[in-house]
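Take a look at the structure below.
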Amino acid sequence: MNVYEQIVAEIKTASNIIITSHKSPDGDSVGSSLGLLHFIEKLGKTATVCHPDPAPSFLDWLDTSSFLIMTEQGEAVEAAFATADLVFCLDYNGTNRVGYDMQVLLEGLTCKTIMIDHHLAPEDFPTITLSETSVSSTAELIVELIEQSGNINLLDQKIGTPLYLGILTDTGSFRFPSTSPRTHEILAKLLTAGVAHHLVHELLSDNNTESRLRLQGYAMCEKLEVMEDYMVAIISLSKEELAKYNYQKGDTDSLANQALSIKGMKAAIVFTERDGIMKISFRSKGQENPVNVLAAENFNGGGHANASGGMSELSVTETLAKIKDLVPKYFSAN
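Residue numbers (UniProt numbering): 1 to 334.
Given below as structure tokens:
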């Protein structure tokens with residue numbers, strides 16, 4: 001029995017299944033959660049999705065109404081964990097990625113847990129681990145689970161649409177190096193199953209609010225700094241600047257990729273002041289410009305070589321100065 005068949009066997013014998021994912025959800029965490037949920041339902045079982053916090057507004061077109069959110073429905077989440085006999089850990093490699101309150105629940109479990117993830121250095125807390133760091137996304141791994149367990153006949157539009165979203169967003173619309181020939185084979189399977197890929201692109205891209213566009217315009221026009229000797233772009237946004245443009249979760253998610261699109265740019269670093277800390281996104285191009293080490297060694301973060309996150313408890317000004325001081329240590333001069 002391979003690991004995929006083993007996972008399906010656990011689903012079929014479980015009575016109370018929970019699907020969890022990381023804090024600050026994105027297209028892959030939400031998409032893989034929904035795709036797995038609908039697959040479990042096709043197997044004749046039920047599951048409860050428990051996320052630490054709500055999905056960003058640009059994913060409102062997805063049906064996440066059944067999700068239990070820790071920050072909003074803590075007692076319901078605790079009750080679900082209390083009766084769980086199987087818990088999925090999607091799109092994260094360590095228990096600290098789910099926020100403190102859910103981390104306590106997760107680490108207190110006595111039932112079986114299954115990690116499905118593609119991030120580097122997975123922790124060994126799960127009972128079963130499906131970790132493939134070379135794969136584009138957790139959503140791609142869910143498709144592999146469906147196929148390699150012998151259940152490809154169950155793949156349909158309802159399962160496939162959120163999984164297509166997850167692959168789309170975590171590959172940067174299929175432009176990141178993690179997009180492999182196998183990724184495209186899986187995309188073909190999703191299209192064959194009825195996924196309307198053009199609608200996913202439209203729903204994801206053509207739903208900007210006026211305030212979101214104005215914030216992004218302000219960031220690119222007034223806050224973009226380029227360290228030309230190293231071709232690294234930096235954008236910083238204070239809580240006052242975010243408030244001025246009625247910031248909503250997800251409004252700044254594309255800024256790093258926009259800055260990285262400047263001709264010749266090696267890396268882009270964007271940080272925003274939220275919840276009393278600086279939340280930092282790192283993006284880069286090429287194997288010679290990894291950002292995960294920079295994030296891990298200096299900002300309590302990490303992730304993929306070309307896409308990582310971190311945080312700083314310093315002020316906006318101090319964080320900006322620290323980043324500028326570190327750039328020459330991690331990127332070669334032109």
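Using N, Cα and C, we set each Cβ at its ideal position, and we do this for glycine too. If you're wondering where the values come from, they're calculated on a predicted model, not measured in any experiment.
| Asked | Found |
| --- | --- |
| In DSSP terms, what LYS112 is bridged to | LEU86 |
| Inter-residue CB distance, VAL143 and LYS189 (contact presumed, cutoff 8 Å) | 7 Å |
| Buried versus exposed, by CB contacts within 10 Å (16 or more), GLY276 | exposed |
| Cβ neighbours of VAL29 in the same chain (closer than 6 Å, five flanking residues each side left out) | The sequence given here has Ser at residue 29, not Val. Here the set comprises SER21, HIS22, ASP91. |
| Candidates ILE280, ASP85, GLY286: closest to LEU314 by CA position | ILE280 |
| Coarse secondary structure for LYS285, derived from DSSP in three states | coil |
| Residues sharing a beta bridge with LYS279, DSSP | THR272, MET311 |
| HIS304, DSSP secondary structure in three states | coil |
| With 16 other Cβ atoms within 10 Å as the buried cut-off, status of HIS118 | buried |
| Span of the alpha helix (DSSP H) around MET265 | Taken as a continuous stretch (DSSP letters only), MET265 belongs to no alpha helix (DSSP H), as it is neither H nor E. |
| For SER21, the first and last residue of its enclosing beta strand (DSSP E) | 17-21 |
| Contact belief for LYS266 with LYS285 at Cβ below 8 Å, rounded distance in angstroms | 6 Å |
| Proximity test, ASN208 beta-carbon vs the ligand HEM heavy atom, cut-off 7 Å | Here there are no bound small molecules, and the ligand HEM is not part of this structure. |
| Cβ neighbours of LEU109 in the same chain (closer than 8 Å, five flanking residues each side left out) | PHE81, ALA84, VAL87 |
| Contact under 8 Å by Cβ, GLY303 with ASN289 | no |
| Unbroken stretches of the beta strand (DSSP E), 3 residues or longer, contained in the UniProt domain "DDH" (16-167) | 17-21, 47-51, 86-90, 112-117, 128-131 |
| Nearest neighbour of LEU120, chosen from ILE114, VAL135, ALA139, GLU222 [CA to CA] | VAL135 |
| Distance, GLU210 Cα to ALA333 Cα | 38 Å |
| Contact under 8 Å by Cβ, LEU141 with ILE234 | no |
| Supposed close pair GLY31, LEU163 - CB separation, criterion 8 Å | 6 Å |
| Simplified DSSP state of ALA233, which is helix, strand or coil | strand |
| Where VAL226 sits in the DSSP three-state scheme | strand |
| Residue span of the alpha helix (DSSP H) that contains SER211, given as start and end | 210-218 |
| The segment 215-226 contacting the segment 181-197, beta-carbon criterion three pairs below 8 Å | no |
| C-alpha gap between VAL77 and GLN157, whole angstroms | 28 Å |
| Counted within 10 angstroms of its Cβ, other Cβ atoms place TYR245 as buried (16 or more) or exposed | buried |
| Residues of its chain near residue 339, where Cβ-Cβ distance is below 6 Å and the 5 sequence neighbours each way are ignored | Since the first residue of the chain shown is 1 and the last is 334, residue 339 is not available in this structure. |
| SER238 (DSSP reduced to helix, strand or coil) | coil |
| TYR100, buried or exposed, once every other Cβ within 10 Å from all chains shown has been counted against 16 | exposed |
| Bounding residues of the alpha helix (DSSP H) (the contiguous stretch that carries TYR330) | 316-330 |
| Nearest-angstrom beta carbon gap, ILE40 and ILE114 [assumed within contact, 8 Å] | Going by Cβ atoms, the distance from ILE114 to ILE40 rounds to 12 Å, so no, they are not a contact pair. |
| Alpha carbon of MET227 to alpha carbon of GLY309, nearest angstrom | 20 Å |
| Pairwise C-alpha distance: MET70 and THR169 | 24 Å |
| Local Cβ density within 10 Å of GLU273, reported as buried at 16 or more and exposed below that | buried |
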